[in-house]
Each structure stands twice: as C-alpha cells, then as structure tokens.
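Asks:
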Amino acid sequence: MAESGTFTFASPDDYRAAISAGTVNLIVTGGGSFNARLTWLNLGHLHVFRGRENLPRVGFFSLSPAQTFVSFPTKAGAPLTYGGIGLHFGDLVLHSRGERMHQRIDGEGQWGFISLPPEQLAACSKALTGYNIASPPEGQVLQPLRSAARRLLGHHSKICRLAETKHQLIANPEVARALEQELIHALVNCLTVGDAGGNLKKRRHHTDIMVRFEDALAAHGDPQLNLPQLCSAMGVPERTLRACCTEFLGMSPTRYHLLRRLNMARSALRRADPETTSVAEIARNHHFLELGRFAVAYRTVFGEMPSSTLRSPRIKAD
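Under the UniProt record's numbering, the first residue of the sequence shown is numbered 1, with each subsequent residue one higher.
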C-alpha cells in the first residue's frame, strides 16, 4: 500500500530525524530561524523524498545499505554540493551502498532522494535497457541528457506535489502503481550515462579523509581542536585536511569543529527545561568554559542569544 506525507519543521534535530534515508547529522552554518519541509512517499519498495530548507548547512549522511539511493537538486538556482562537487539542476548522484558522504547547502536549498532495493533496480534496468545497473563502489556524479533529466525531475516534482495536496489519490493502488512505473522508467533512463565527477581516485581519497575526520571529531572530547595532533593521528598532512575541508565543507577544520559544538549546544538548549536548566550549565556540558565568549559566538552564528533559545517555545513538526 502506498503511503505519503509532508511535514514542516522549526528544529534541525526534528528534521534530520525524519529523514529516513539513514543516519544524518546536520550542522547549521548560518543565522536565522530554521524552517524546513520534508515530503515523502513510499510506492511499494520505491521511496521518494524532497527536502526544502531555508538556511545554509552541512549534512553528513550515512545511507542505509539496504537501498540504492539517487540524490539531486530539485530547483534551478539552488545548487547542492556533494563531496566537494557542485551539482546543478539536472545533475544526479548515484550513491554507493551504505555510502557516508557530505552534502552542503550554501543558502536556501531544495533536494531530493529516490531509493529502491538493489535487486529491483537491477531487474528494471535489465528489462528496459538490457543492462544491470547497480550501486557503484564509489558515488558517481551523472549528467544525463537534458530531456531525460527533465522527465525524471518532472515526475519527482509531480509525485511530491500530489503527496502535499492530494495524498488520498496516491492511496489508490492503480494510481500508485502508475506513478511508481513512470518514476522508475525515468530514473533508469538517467542512470545509463558514465561518471562526470572528474578524477575518481582523488575523489575517493578525499572522501576517505573526510569520513575519518568526522569519526575523529565524534571521538574528540577536548574543547580545542589540536589540528597538528589530529592530523598526525589520522595520518594526513594538515595542508591536505584543510584543502579537503574547504572543498567539502566550505570552511576550515577548526571552524567546522566550533560550529559542530555550537549546534550540539543549541540542540541541548532547545530540549532543556528553562525552569531547571541554565545556559551556563549547558555551555559547560559542551566544553564552553567562558560563558561570555560562548554567548558571542552563539549569537554570531544563530542570530540570537543562547538564553533566547532556552526560553523559546518547543515547536513540534506539523
């Protein structure tokens, strides 16, 4: 049975938790009130997502290995960066199984996912093209013919619009089946082109460095980032890590480390009870030992004082 829904979010934590593609960590990098909308559909074993966000952010995704994923920007003029590669409207990424990757939005952004079981993709592609299409060992950036990309993105947009405005129509089995077949056919036609992402060996090396960097940060408990020590432990020259962070994250390693900690503190402030918890307590829990400097850094990034976040009403997804 087909299922669908659409939700709006005022919290990055609630939004990332609703993205069921795998494990997602979002680091908001710009100020303002966060607003996002997530639309999703399950058409049999075919899953469709569309995300709309209003603030710049970096997302670190660990995709489920049970599905084959394809991601893409869904709006012209709202580019997406995947693994340091700028994607334009009409570009697609065919992800590897269980891929861990960075996706960056530098302003307002719209993006989509389509996923299906690997065996279904293989069977459908064999029937339609004579070839088995499978998840590659490394993520691939694809630039299909404009007509093929336009057809796929048009079907994706139509399906998401139905989920937002006429979800009862999708519950009709015949309609759901027709939508599923249309989307799969359009998707397969876009996946027959080769990788357009440049030097694969270099990309693989840089992606491996950035995944190890994320793992090192997750295990790092100190408030200050000792970059030479971290690079030594990773076995990566500092110059190389800095170049990879600029390429993937749009910022330096130390800046990303600070924003990561500030986002964690903001999440804690949003969850806390202002009657029993203080800003100072949360700052200390996240290794910000100088409350004044924490407040200044927090306001610079998020556009409000931490005390305002703590006192703000708890808004649930709609």
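Cβ atoms here follow ideal geometry from the backbone N, Cα and C, with glycine treated the same way. Remember, predicted model here, so these are calculated numbers, not experimental data.
#1: For the putative contact between V93 and Q140, defined by C-beta atoms under 8 Å, what is the C-beta separation to the nearest angstrom?
#2: Would you check if the distance between the CB atom of T207 and the CB atom of S135 is smaller than 8 Å?
#3: Excluding five sequence neighbours on each side, which residues of the same chain lie with their C-beta closer than 8 Å to the C-beta of A272?
#4: Look at the Cβ atom of H167, then the Cβ atom of G5, and state whether they are nearer than 8 Å.
#5: I need the boundaries of the beta strand (DSSP E) containing G86, first residue and last residue.
#6: Assign P137 to buried or exposed, taking buried as 16 or more other Cβ atoms, counted over all protein chains shown, within 10 Å of its Cβ.
#7: Measure from the alpha carbon of T74 to the alpha carbon of each residue in L38, A66 and R57, then state which is nearest.
#8: Should L191 and I114 be called a contact, given that it needs their Cβ atoms to be closer than 8 Å?
#9: Does the distance from the C-beta atom of T254 to that of L227 stay below 8 Å?
#10: Between L128, G44, L26 and P274, which lies nearest to H185 when the distance is taken from Cα to Cα?
#11: If I measure Cβ to Cβ from V193 and keep anything under 6 Å in the same chain, skipping five residues before and after, which residues do I get?
#12: Quickly, what does DSSP pair Y82 with across the bridge? List them, please.
#13: Assign S125 to one of three DSSP states: helix, strand, or coil.
#14: Are R104 and G250 close, meaning C-beta to C-beta below 8 Å?
#15: By the three-class DSSP mapping on this structure, what secondary structure does F61 have?
#16: Mapping the DSSP letters down to three states, classify R150 as helix, strand or coil.
#17: Ordered along the chain, which non-local residues of its own chain (more than five positions away) have a Cβ less than 6 Å from that of N189?
#18: Can you list, in chain order, the residues of its chain whose CB lies under 6 Å from that of V70, leaving out five sequence neighbours each side?
#19: Check whether the Cβ atoms of E3 and N42 lie closer than 8 Å to each other.
#20: Tell me, which residues are paired with A47 by DSSP?
Replies: So, from the listed chains and residues:
#1: Here residue 93 refers to the residue found at position 93 when the sequence shown is read from its first residue. Here residue 140 refers to the residue found at position 140 when the sequence shown is read from its first residue. Contact flag correct, Cβ pair sits at about 7 Å.
#2: Locating residue 207 in the sequence shown gives position 207, where the first residue counts as 1. Locating residue 135 in the sequence shown gives position 135, where the first residue counts as 1. No, they are not a contact pair.
#3: In the sequence shown, counting from the first residue as 1, residue 272 sits at position 272. A distance below 8 Å between beta-carbons, with the five flanking residues on each side excluded, links A272 to the following residues of its chain, in chain order: I282 and L310.
#4: The sequence position of residue 167 within the sequence shown is 167, counting from 1. The sequence position of residue 5 within the sequence shown is 5, counting from 1. Less than 8 Å separates the beta-carbon of H167 from that of G5.
#5: Taking the sequence shown and counting its residues from 1, the one referred to as residue 86 is at position 86. It spans I85 to L87 - the beta strand (DSSP E) in which G86 sits, taken as one unbroken run.
#6: One-based indexing of the sequence shown puts residue 137 at position 137. Exposed, because fewer than 16 other Cβ atoms sit within 10 Å of the Cβ of P137.
#7: Reading the sequence shown from its first residue, position 74 is the one you call residue 74. T74 has its Cα closest to that of L38, out of L38, A66 and R57.
#8: Position 191 of the sequence shown, counted from the first residue, corresponds to residue 191. Position 114 of the sequence shown, counted from the first residue, corresponds to residue 114. Contact: no.
#9: Along the sequence shown, one-based indexing puts residue 254 at 254. Along the sequence shown, one-based indexing puts residue 227 at 227. At a Cβ-Cβ threshold of 8 Å, T254 and L227 count as neighbours.
#10: Position 185 of the sequence shown, counting from 1, holds the residue named residue 185. Of the listed residues, the one whose Cα sits closest to H185 is L128.
#11: In the sequence shown, counting from the first residue as 1, residue 193 sits at position 193. For V193, where only same-chain residues beyond five positions count, the Cβ hits under 6 Å are L142 and P144.
#12: As a position in the sequence shown, residue 82 is number 82, starting the count at 1. Y82 pairs with I85 and Q103.
#13: For the purposes of this step, residue 125 is taken as the residue at position 125 of the sequence shown. Per DSSP, reduced to three states, the secondary structure at S125 is helical.
#14: Looking up residue 104 in the sequence shown gives position 104. Looking up residue 250 in the sequence shown gives position 250. In contact: R104 and G250 (Cβ atoms closer than 8 Å).
#15: Position 61 of the sequence shown, counting from 1, holds the residue named residue 61. In the structure shown, F61 sits in a strand (DSSP, three-state: E or B).
#16: As a working mapping, residue 150 is identified with position 150 in the sequence shown. Correct three-state label for R150: helix.
#17: Within the sequence shown, residue 189 is the residue found at index 189, counting from 1. Cβ within range, chain order: A148.
#18: Position 70 of the sequence shown, counting from 1, holds the residue named residue 70. The answer, listed in chain order, is L92, L94 and I114.
#19: Along the sequence shown, one-based indexing puts residue 3 at 3. Along the sequence shown, one-based indexing puts residue 42 at 42. Cβ distance < 8 Å, so E3 and N42 count as in contact.
#20: The residue labelled residue 47 in the question sits at position 47 within the sequence shown. Checking the sequence shown, residue 47 turns out to be His, not Ala. DSSP output for H47 lists N42 and S115 as bridge partner(s).
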